[in-house]
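The numbering of the sequence shown is my numbering, which starts it at 1 and goes up by one. Heads up, the beta-carbon is just placed ideally off N, CA and C, and yes, glycines get one too. The structure appears below as structure tokens.
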Amino acid sequence: MKEIVFDQVCKSYDQNQVVKKLNMKIKAGERLILLGPSGCGKSTTLRMLAGLEDITSGDLYMGGRRVNDVESGDRNVSMVFQNYALYPHMSVRDNISYALKVNRFPANEIAERTSEAIKMLDLVGLEERKPKELSGGQRQRVALARAIVKRSDYFLLDEPLSNLDAQLRAHARKELVKIHEKYHQTMIYVTHDQTEAMTVGQKIALMDKGVLQAFDTPKKIYNKPANVFTARFIGSPPMNVVEAAYEDGKIFIDGKKMKVPDAWCKVIKKQNKIYFGIRPEDICLSRKGNDKDYSVKAVVRYVEDYGDKYGVYFQINGVEMLALSDGDVPTPGETVHLEPNFDKVHFFDGETQKNLGYPKEK
Ligand code: ADP
Ligand code: MG
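Structure below.
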């Protein structure tokens, strides 16, 4: 019923194409995160959904209806803007109930929905304050309350938590998930923060320079990233991805040779230039031994102490690499073996940067 379909949707400002041939299907009631670096086209995509931006070409369907020419007010959406956009002269209560009053809801319905939202978002006691008498976190909750009382079919949020400090943000994102689980609107949530995306999303759509790079569940995107961009963007700390050459069962990184297990050779096949990816937690560091076949040697550049483990930095092929270690701490200047866990490595095509796939599961 309330699904959303983008069919070859493009958006240009003059000659500048900021959303490129977007194809995407969002299921009714789904919680989708629109993720990507600043300027990649997230807000533009959300504003096209809200009916605040024209679509340059392609078709947009909401609930089975083509909405390219449907006014914002006729789309049954509520939107939370990054800057909240509260009415400064109205109290918290009036801000929240305003849309219901304008739409001539019965007084008892307005009172009931408003007080429910006030309780749910922990605004009890603040009802008569004006926005300027609230903290950033409180204003943000008023903006959310104002959007949820409408109980629209589509709930659109543009970086709603970006102005909050880390602790409040972690709390607020749990509240948002609860709100969604209560009302089950189709929810599109824009953020540039991959942690927020991983924790809030049922699905993630990752964009870069107006192009959809990945569209899947957080787990699949994390475990099997579709391309180099996705691999580097999802995960904290990010995955190490370095250029390498492949020949005859071995990869060459920074002039050093590392053997690759047979199962992976079948995946890499005849590629010559590849990208090799490994997350910092999937590298084992060791100092002992001579040359180990399935590892590379590198010089430690820098060490960070995280309390429970160490972050050990290297430079390989001009790229900074990080390994997490909870063993003995190496010292800068020391040479150690980096041994990847080959159950957790990723290979990408040297030209297209697409994931080459994984060995068949036994
Ligand atoms: P994001 O929300 O991912 O940070 P936006 O969707 O806001 O990115 O912007 C995408 C690109 O479109 C940016 O390069 C931005 O400068 C450009 N842009 C956005 N709005 C306009 C506008 N009204 N006129 C011209 N260019 C715009
Ligand atoms: Mg934006």
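Residue i: CB within 7 Å of a non-hydrogen atom of the ligand MG
{"i": "Glu373", "result": "Residue numbering for the chain in the displayed model covers 1 to 362; residue 373 lies beyond these limits and cannot be assessed."}
{"i": "Ala158", "result": "Note that residue 158 is Asp in the sequence shown here, rather than Ala. Within the cutoff, so yes."}
{"i": "Val80", "result": "no"}
{"i": "Val19", "result": "no"}
{"i": "Val312", "result": "no"}
{"i": "Val190", "result": "yes"}
Neighbourhood of residue i by C-beta distance below 6 Å, restricted to the same chain and skipping five residues each side
{"i": "Arg146", "result": "Asn95, Ile96"}
{"i": "Lys250", "result": "Lys257, Lys259"}
{"i": "Val345", "result": "Ile278"}
{"i": "Pro280", "result": "Pro237, Leu322, Ala323, Leu324"}
{"i": "Arg66", "result": "Asp59"}
Contact test: residue i Cβ vs the ligand ADP heavy atom, cutoff 7 Å
{"i": "Asn16", "result": "yes"}
{"i": "Ser38", "result": "yes"}
{"i": "Thr44", "result": "yes"}
{"i": "Gly41", "result": "yes"}
{"i": "Tyr13", "result": "yes"}
Separation of residue j from residue i, as counted between CA atoms
{"i": "Leu156", "j": "Val329", "result": "47 Å"}
{"i": "Arg47", "j": "Tyr189", "result": "12 Å"}
{"i": "Gln140", "j": "Pro160", "result": "7 Å"}
{"i": "Gln8", "j": "Gly58", "result": "5 Å"}
{"i": "Lys42", "j": "Gly36", "result": "7 Å"}
{"i": "Lys25", "j": "Phe347", "result": "28 Å"}
{"i": "Val242", "j": "Met79", "result": "40 Å"}
{"i": "Ile4", "j": "Thr44", "result": "16 Å"}
{"i": "Ser91", "j": "Asp216", "result": "41 Å"}
{"i": "Tyr310", "j": "Pro340", "result": "17 Å"}
{"i": "Phe342", "j": "Pro261", "result": "8 Å"}
{"i": "Leu356", "j": "Lys119", "result": "50 Å"}
{"i": "Lys27", "j": "Val102", "result": "30 Å"}
{"i": "Cys40", "j": "Val211", "result": "8 Å"}
{"i": "Gln167", "j": "Gly137", "result": "11 Å"}
{"i": "Asn16", "j": "Ala214", "result": "22 Å"}
{"i": "Pro88", "j": "Glu109", "result": "24 Å"}
{"i": "Pro359", "j": "Asp305", "result": "35 Å"}
{"i": "Asp158", "j": "Gln82", "result": "5 Å"}
{"i": "Lys130", "j": "Lys178", "result": "26 Å"}
{"i": "Ser38", "j": "Leu206", "result": "12 Å"}
{"i": "Lys182", "j": "Val124", "result": "20 Å"}
{"i": "Tyr154", "j": "Cys265", "result": "47 Å"}
{"i": "Ile204", "j": "Leu49", "result": "17 Å"}
{"i": "Ile268", "j": "Val18", "result": "34 Å"}
{"i": "Cys284", "j": "Thr352", "result": "29 Å"}
{"i": "Lys224", "j": "Phe6", "result": "24 Å"}
Cβ-based neighbour list, residue i, same chain, cut-off 7 Å, excluding 5 preceding and 5 following
{"i": "Thr56", "result": "Cys10, Lys11, Ser12"}
{"i": "Gly201", "result": "Arg31, Leu32, Ile33, Pro218"}
{"i": "Pro238", "result": "Arg232"}
{"i": "Asn68", "result": "Ile55, Asp59, Leu60"}
{"i": "Pro332", "result": "Val300, Arg301, Tyr302, Val303"}
{"i": "Ala263", "result": "Pro359"}
{"i": "Glu320", "result": "Tyr313"}
{"i": "Asp293", "result": "Lys259"}
{"i": "His184", "result": "Gly29"}
Member of the options whose CA lies at the smallest distance from the CA of residue i
{"i": "Leu22", "options": "Lys209, Gly307, Lys256", "result": "Lys209"}
{"i": "Val336", "options": "Ala226, Val300, Glu320", "result": "Val300"}
{"i": "Ile316", "options": "Glu3, Gly357, Asp254", "result": "Asp254"}
{"i": "Ser115", "options": "Gln138, Pro88, Val149", "result": "Val149"}
{"i": "Arg173", "options": "Thr186, Leu52, Met198, Phe348", "result": "Met198"}
{"i": "Ser295", "options": "Thr331, Asp282, Gly350, His192", "result": "Asp282"}
{"i": "Asp122", "options": "Ser286, His184, Lys273, Leu176", "result": "Leu176"}
{"i": "Asp308", "options": "Ser38, Gly327, Arg113", "result": "Gly327"}
{"i": "Gln75", "options": "His89, Pro106, Leu52", "result": "One detail in the question is off: residue 75 reads as Arg in this sequence, not Gln. Considering only alpha carbons, the answer is Leu52."}
{"i": "Tyr275", "options": "Phe229, Val303, Ala263", "result": "Phe229"}
{"i": "Asp193", "options": "Lys178, Ala170, Glu181", "result": "Ala170"}
{"i": "Val142", "options": "Ala107, Lys182, Arg104, Tyr98", "result": "Tyr98"}
{"i": "His180", "options": "Thr352, Lys20, Gly29", "result": "Gly29"}
{"i": "Lys288", "options": "Gly318, Asn240, Leu338, Tyr84", "result": "Leu338"}
{"i": "Tyr84", "options": "Lys266, Leu144, Tyr183, Ile234", "result": "Leu144"}
{"i": "Gly318", "options": "Met62, Asn240, Val124", "result": "Asn240"}
{"i": "Lys132", "options": "Arg93, Leu86, Ala117", "result": "Leu86"}
Whole-number beta carbon distance between residue j and residue i, since they are thought to touch under 8 Å
{"i": "Thr195", "j": "Ser236", "result": "6 Å"}
{"i": "Val70", "j": "Ser152", "result": "Contact flag wrong, Cβ pair sits at about 14 Å."}
{"i": "Asn227", "j": "Lys354", "result": "5 Å"}
{"i": "Thr186", "j": "Lys2", "result": "5 Å"}
{"i": "Leu126", "j": "Arg113", "result": "So it is not a contact: roughly 17 Å between Cβ atoms."}
Any non-hydrogen atom of the ligand SAH closer than 7 Å to residue i Cβ
{"i": "Cys265", "result": "For the structure depicted, the ligand SAH is absent and the ligand set comprises only the ligand ADP and the ligand MG."}
Cβ neighbours of residue i in the same chain (closer than 8 Å, five flanking residues each side left out)
{"i": "Asn272", "result": "Ala245, Tyr246, Glu247, Gly350"}
{"i": "Lys297", "result": "Lys256, Asp291, Thr335, Val336, His337, Leu338"}
{"i": "Arg363", "result": "Beyond the ends of the chain as shown, which are 1 and 362, falls residue 363; an answer cannot be given."}
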